[in-house]
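For reference, the structure is listed below as structure tokens.
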Amino acid sequence: MSAPTTHRSAEEIGRTELGPRPLPELGEQRSAADLSTVDTVLANGLRVIAVRRSSVPLVEVRLRIPFGDPAASSVGSTHAARAEVLANTVLTGTATRSRVDVDTELALVGGELDAVVDPERLAFSGNALVSGLDTVLDVLRDVLTGATYPVEEVERERVRLVERIRLARSQPNVIAREALQKHLYGDHPFAKEMPEAEEVAAVSRDDVLALHASAVLPRGSVLVVVGDVEPDAAVRAVEGALGGWTGEGTAVSLSPLPVVQGGDVLLVHRPGAVQSQIRLAGRGLVRTDPRYPALQIANLVFGGFFSSRLVENIREDKGYTYSARSHPEFTPGGATLLVDADTASEVTAAALLETRYELARLGLVPPSESEVGTARRYAIGSLLTATSSQGGLASFLVNLAGLGLGIEWFTGHPERLAAVTVEQVAEAALEFFAPSAFTGVLVGDAELLAPQLRALGGVSLP
Amino acid sequence: MALPELHRFTLPNGLRVVLAPDPSAPVVGVSVHYDVGFRSEPEGRTGFAHLFEHLMFQGSESLEKLAHFRHVQSSGGTFNGSTHPDYTDYYQVLPSAALERALFLEADRMRAPKITEENLRNQIDVVKEEIRLNVLNRPYGGFPWILLPPVLFQTFPNAHNGYGDFTDLENATVDDCAAFFDTYYAPGNAVLTVAGDFQPEAAKALVEKHFGDVPARPVPVRPSFAEAAPKGELRAEHSDKHAPMPAIAMGYRIPDPVNEVEGYLSYLVLAGVLTDGDGSRLQQRLVHRDAIVVDVGAGCGLFGPLEARDPDTFSVTAIHPPDITAEQVIAAVDEELLRLAEEGPTEQELAKVTARWVSTMHREHDRLTSRTLGLGSAELLFGRAELLYELPDKLAAITTDSVAAAAKALRPDSRAVLVLKPAGAAGAASDNGGTE
């Protein structure tokens, strides 16, 4: 490559007369302002959490309705398909609003509202200029209490859903996730994140109406409002809009999952893949477990952030991957530790070997004082930055509420992290990060991968 | 939107600085935008600007390899970098106690990055994994940002793949890196932005302390990347072995975002009228009424609006079932554009787009990462960080006539059409399988 002018050499660039300089100390940290907040339950059973954050004149709204399949097994159950059609059509019509009316009214107050479903919950997520809070809540009231599921909308969205499922299932990440969930949980409804095309095609408007009547329930659900609004006023607005939303019984939470047991990694063949998805899983801890803060720090040191052993090894040292990480997933009644890496086919087996090595090393050569300190400060600081926006805080709180927790868990967590000792981290590392505690899947071109994986062992080949 | 407090000054070495204090949360964002992106990389070195971005994280005179990440994260912060057509940005967002540390880290690599053969080879491998992840191993990889420019543009800077091909990446040398750094990473070719919880005077003193002795170097003359708009409709086909369904991307040239901002913004409003929300023109027509696409989108800039200088692109993209032809989709888009050109949008359609933009601006402002990066890129590209806060008013001033004129200018006889065809097992299965 020709430079437009003469230039210094790399050695000259990397050196100055003064030489290396000392890293500045951290300054004094100002604590976040106390949040003005209300956490209450309305007469209809809906829990409402309202938090004032007035950084911008907006409001964020999250509604979480537990939406589990009451059946014990997803085999033969049409719940997932009906739930998907419901989520894709709930905002398309009421007695007084068409799909376009909903969009127009929301747009005129700078607002949006959408609905998505997964095996655990139906979630509405919206926002608007703060002057539009009543509009968002009124649209929400209208669809919760009177969604009509117009037949032409159900028919169109059914077709579109089948197409979208096909698109999703062409993504390597989705292929790996579905294979992992099935490997871990078999036919438990938690593992069925997407219905089959023929199941969707069989869903009728009556099915959706019946599911809405039986499952879209305020009791057990939680609504979070974060924004430039007084919490008491927000709760009154919610009560005014949604107080009349009623229904028999309580929204359905999924039954607890079987505990993840260690075992062989299942190789899933994806012909023509040039990269593989490594997806390992082991048992984790719920947020309320006294050992959770120590496990959180152990996980960070392992692969939970960039300055972790896994990333420094398989990315920054060996160049096997662009993305490697480990993270907890909170599941019905428990928690899982997930380890993900995407690697070129030719280095997949080596990357799996290094990942197992780092798992073992975390317990046997436990995190040092310095590693724990870095991870601890990251955990505290990133909680602060992730929740410094209205949207970030709203999403964080609704997820906490889904675990039965409230804002006091959030405000109390930095102290819990500060109290964790190096010994507690070492204990968590030894117990939870043993390679034998993990199982998982590996998606890639089996013809390329099989010889090396067979030699490595601990992988069941197709 | 009320204009937040902004301070700006330039250091003697040419570094432009924007300070945007806001005490609402005890966090701070620091970014550096360098005025070089992948349009400036030479032939034979595609992907170099992005590869070099990776190397800027690999250590500097005071920082061993891995130290940058550790110092940011042990301060409780997050970081990243990204390479765009016309600039490369680096940022960290941290608790405000770490402001000086973040300035130190950025200054150290602006002054004396340590570029070694070992780190270069390692990051070439990492970048290749990134390209496998985002392009080669997934459906619709690089659609349309890599695939559309070579159809719409003729010259190398505008047309080539900014991720780079593997051979070019592997040919990169340490000396290439030295030349690139000395040419483009001069302090006078950069904008430093600090946003969040700090006192402006104290922050100014810290900026001077850490960046003041980065030596000034000549700033390269920025070349023009202008080229003529296409004469006629230019078409190309791309085979995607992972894609289960066909897709199309239509690309058009639009006014210079820097020198014709108002003209450019008419297209931004047009994009909203076309595809933002269920009530938008193309959603209603293509997704719901005709039911010929799964999803459709339109927008200015392949990286988002106001993210590049001239020449910039307006694109319409859609994924459609295999029993629908590309021609059907194109014809429906053209009909809707013609209708908009002749009748114009309604006042209500514009009000919807404007209100959503106001809300979007506030939301971007509330996220410190996007606020810091938005201020920095607006200062670098437009010389006006304030532009971020002026946009709602500017968008509200766009008339139905100017949106109609924008629709009229998206002419079939001056555009690029990229047709993406499924070529692998995924597509073949869909052709004979028939899911509906």
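Those sequence lines, one after another, are chains A and B.
Each residue of the first sequence is one higher than the one before, counting from 1 in our numbering.
Each residue of the second sequence is one higher than the one before, counting from 1001 in our numbering.
For every residue, glycine included, the Cβ atom is placed at its ideal position computed from N, Cα and C.
Cα separation between B:ILE1319 and A:VAL229? Reading the second sequence from its first residue, position 319 is the one you call residue 1319 of chain B. Reading the first sequence from its first residue, position 229 is the one you call residue 229 of chain A. Between B:ILE1319 and A:VAL229, the C-alpha separation is close to 41 angstroms.
Are there 16 or more other CB atoms within 10 angstroms of the CB of B:GLU1379, so buried, or fewer, so exposed? The residue given as residue 1379 of chain B occupies position 379 in the second sequence. Classification of B:GLU1379: buried, given that the 10 Å Cβ count is 16 or more.
Are the CB atoms of A:VAL238 and A:VAL48 within a distance shorter than 7 angstroms? To locate residue 48 of chain A, count along the first sequence from 1; it is residue 48. To locate residue 238 of chain A, count along the first sequence from 1; it is residue 238. In this structure, A:VAL238 lies closer than 7 angstroms to A:VAL48 by Cβ.
Skipping 5 residues on each side, what residues in its chain have a beta carbon closer than 7 angstroms to that of A:GLY132? By one-based count along the first sequence, residue 132 of chain A stands at place 132. Correct list, in chain order: VAL109, GLY110, GLY111.
Which same chain residues end up closer than 7 angstroms to B:ALA1423 when comparing Cβ atoms and leaving out the 5 residues on each side of it in sequence? Along the second sequence, read from residue 1 onward, the residue named residue 1423 of chain B stands at position 423. If we look at B:ALA1423 and ignore the five residues flanking it on each side, its Cβ neighbours are SER1239, ASP1240, LYS1241.
Is it buried or exposed for A:SER308, if we count other Cβ within 10 angstroms and need 16 for buried? Along the first sequence, one-based indexing puts residue 308 of chain A at 308. Buried: at least 16 other Cβ atoms inside 10 Å.
Relative to the alpha-carbon of A:HIS188, which residue among A:LEU217, A:ALA210, A:LEU257 has its alpha-carbon at the smallest distance? Within the first sequence, the letter at position 188 stands for residue 188 of chain A. Measuring from the Cα of A:HIS188, the nearest candidate turns out to be A:LEU257.
Cβ-Cβ distance between A:SER326 and A:GLY363 below 7 angstroms: As a working mapping, residue 326 of chain A is identified with position 326 in the first sequence. As a working mapping, residue 363 of chain A is identified with position 363 in the first sequence. In this structure, A:GLY363 does not lie closer than 7 angstroms to A:SER326 by Cβ.
When the Cβ atoms of the stretch 1013-1022 of chain B are set against those of the stretch 1186-1194 of chain B, are three or more pairs found closer than 8 angstroms? yes
Got a sec: is the Cβ-Cβ distance from B:SER1266 to anything in chain A below 7 angstroms? Along the second sequence, one-based indexing puts residue 1266 of chain B at 266. B:SER1266 does not count as touching chain A.
Proximity below 7 angstroms, CB of A:ALA349 to CB of A:LEU430: One-based indexing of the first sequence puts residue 349 of chain A at position 349. One-based indexing of the first sequence puts residue 430 of chain A at position 430. No.
Beta carbon of B:ALA1249 nearer than 7 angstroms to that of B:LEU1410: In the second sequence, the residue the question calls residue 1249 of chain B occupies position 249. In the second sequence, the residue the question calls residue 1410 of chain B occupies position 410. Cβ distance not < 7 angstroms, so B:ALA1249 and B:LEU1410 don't count as in contact.
Specify, as a first and last residue, the run of the alpha helix (DSSP H) that A:ASP114 falls within. If you number the first sequence from 1, residue 114 of chain A lands on position 114. Not the alpha helix (DSSP H): A:ASP114 falls in the beta strand (DSSP E), residues 112-117.
Give me the chain A residues within the contact set of B:GLN1073, using Cβ-Cβ distance strictly less than 7 angstroms, ordered along the chain. As a working note, residue 1073 of chain B is residue 73 in the second sequence. Under the 7 angstroms cutoff, chain A gives PHE305, PHE306, SER307, THR374, TYR378.
Where the alpha helix (DSSP H) containing B:VAL1419 begins and where it ends: The residue labelled residue 1419 of chain B in the question sits at position 419 within the second sequence. B:VAL1419 -> not in any alpha helix (DSSP H); beta strand (DSSP E) instead, spanning 1414-1422.
Assuming A:VAL286 and A:GLY334 form a contact by the criterion Cβ under 8 angstroms, report the distance between their Cβ atoms to the nearest whole angstrom. Along the first sequence, read from residue 1 onward, the residue named residue 286 of chain A stands at position 286. Along the first sequence, read from residue 1 onward, the residue named residue 334 of chain A stands at position 334. Right, their Cβ atoms sit about 6 angstroms apart.
If you measure between the beta carbons of A:VAL130 and A:VAL61, is that distance less than 7 angstroms? Position 130 of the first sequence, counted from the first residue, corresponds to residue 130 of chain A. Position 61 of the first sequence, counted from the first residue, corresponds to residue 61 of chain A. Their beta carbons are not under 7 angstroms apart, which means A:VAL130 does not touch A:VAL61 by this criterion.
DSSP beta-bridge partners of B:CYS1300: Here residue 1300 of chain B corresponds to residue number 300 of the second sequence, with the count starting at 1. The partner list for B:CYS1300 (beta bridge, DSSP) reads B:PHE1314.
If we count the other Cβ atoms within 10 Å of its Cβ and call it buried at 16 or more, is A:ASP342 buried or exposed? As a working note, residue 342 of chain A is residue 342 in the first sequence. Buried: at least 16 other Cβ atoms inside 10 Å.
Return helix, strand or coil for A:TYR378, following the three-state DSSP convention. As a first step, residue 378 of chain A must be located in the first sequence, where it is residue number 378. In the structure shown, A:TYR378 sits in a helix (DSSP, three-state: H, G or I).
Chain A within 7 angstroms of B:ARG1039, Cβ atoms only: In the second sequence, residue 1039 of chain B corresponds to position 39, counting from 1. Closer than 7 angstroms: no.
What residues in the stretch 1109-1132 of chain B have a beta carbon less than 8 angstroms from any beta carbon of chain A? ARG1111, ALA1112, PRO1113, LYS1114, ILE1115, THR1116, ARG1121, ASN1122, GLN1123, ILE1124, ASP1125, VAL1126, VAL1127, LYS1128, GLU1129, GLU1130, ARG1132
Determine the chain A residues that contact B:LEU1099 at a beta-carbon separation under 8 angstroms, and present them in chain order. The sequence position of residue 1099 of chain B within the second sequence is 99, counting from 1. GLY27, listed in chain order.
Taking the alpha-carbon positions, what's the A:GLU371 to A:ASP340 distance? Counting from 1 along the first sequence, the entry for residue 371 of chain A is found at position 371. Counting from 1 along the first sequence, the entry for residue 340 of chain A is found at position 340. Each residue's alpha carbon lies about 21 angstroms from the other.
The beta strand (DSSP E) that contains A:ALA450, what's its start and end? If you number the first sequence from 1, residue 450 of chain A lands on position 450. Unbroken run through A:ALA450 is the alpha helix (DSSP H), 446-456; no beta strand (DSSP E).
Closest Cα partner of A:ARG8 within the set B:PHE1180, B:ASP1165, B:SER1402, B:THR1317: Residue numbering aside, residue 8 of chain A sits at position 8 when the first sequence is read from its first letter. The option with the nearest alpha carbon to A:ARG8 is B:PHE1180.
Three or more C-beta pairs under 8 angstroms: does that hold for the stretch 66-77 of chain A against the stretch 245-264 of chain A? yes
Are B:HIS1084 and B:PHE1303 closer than 7 angstroms when you measure CB to CB? Indexing the second sequence from 1 puts residue 1084 of chain B at position 84. Indexing the second sequence from 1 puts residue 1303 of chain B at position 303. In this structure, B:PHE1303 lies closer than 7 angstroms to B:HIS1084 by Cβ.
Measuring CB to CB, does B:ARG1039 end up less than 7 angstroms from B:ASP1168? What you label residue 1039 of chain B is simply residue 39 of the second sequence in a count that begins at 1. What you label residue 1168 of chain B is simply residue 168 of the second sequence in a count that begins at 1. No, the Cβ-Cβ distance between B:ARG1039 and B:ASP1168 is not below 7 angstroms.
Nearest-angstrom Cα distance between A:GLY126 and A:ASP264? The sequence position of residue 126 of chain A within the first sequence is 126, counting from 1. The sequence position of residue 264 of chain A within the first sequence is 264, counting from 1. So the alpha carbons of these two residues sit roughly 42 angstroms apart.
Pair within 7 angstroms by beta-carbon distance, B:GLU1438 and A:THR16: No answer is possible for residue 1438 of chain B: it lies beyond the span of chain B, which begins at 1001 and ends at 1436.
Cβ shell of A:THR464 (< 6 angstroms), same chain only, five flanking positions each side left out: Only positions 1 to 462 of chain A appear in the structure, and residue 464 of chain A is not among them; the question remains open.
Give the range of the alpha helix (DSSP H) segment to which B:GLN1073 is assigned. Position 73 of the second sequence, counting from 1, holds the residue named residue 1073 of chain B. B:GLN1073 -> alpha helix (DSSP H) spans 1067-1074.
Could you name each continuous alpha helix (DSSP H) segment of 4 residues or more that falls completely within the stretch 137-223 of chain A, going from the start of the chain to the end? 151-168, 172-185, 197-201, 205-215
Integer-rounded CB distance, given that B:HIS1033 should sit under 8 angstroms from B:ASP1089: Within the second sequence, residue 1089 of chain B is the residue found at index 89, counting from 1. Within the second sequence, residue 1033 of chain B is the residue found at index 33, counting from 1. Yes, B:ASP1089 and B:HIS1033 are in contact; Cβ-Cβ is about 5 angstroms, under 8 angstroms.
Of all Cβ atoms in chain B, is any one closer than 7 angstroms to the Cβ of A:VAL172? Position 172 of the first sequence holds residue 172 of chain A. According to the sequence as given, residue 172 of chain A is Pro; it is not Val. Yes, its Cβ sits closer than 7 angstroms to a Cβ of chain B.
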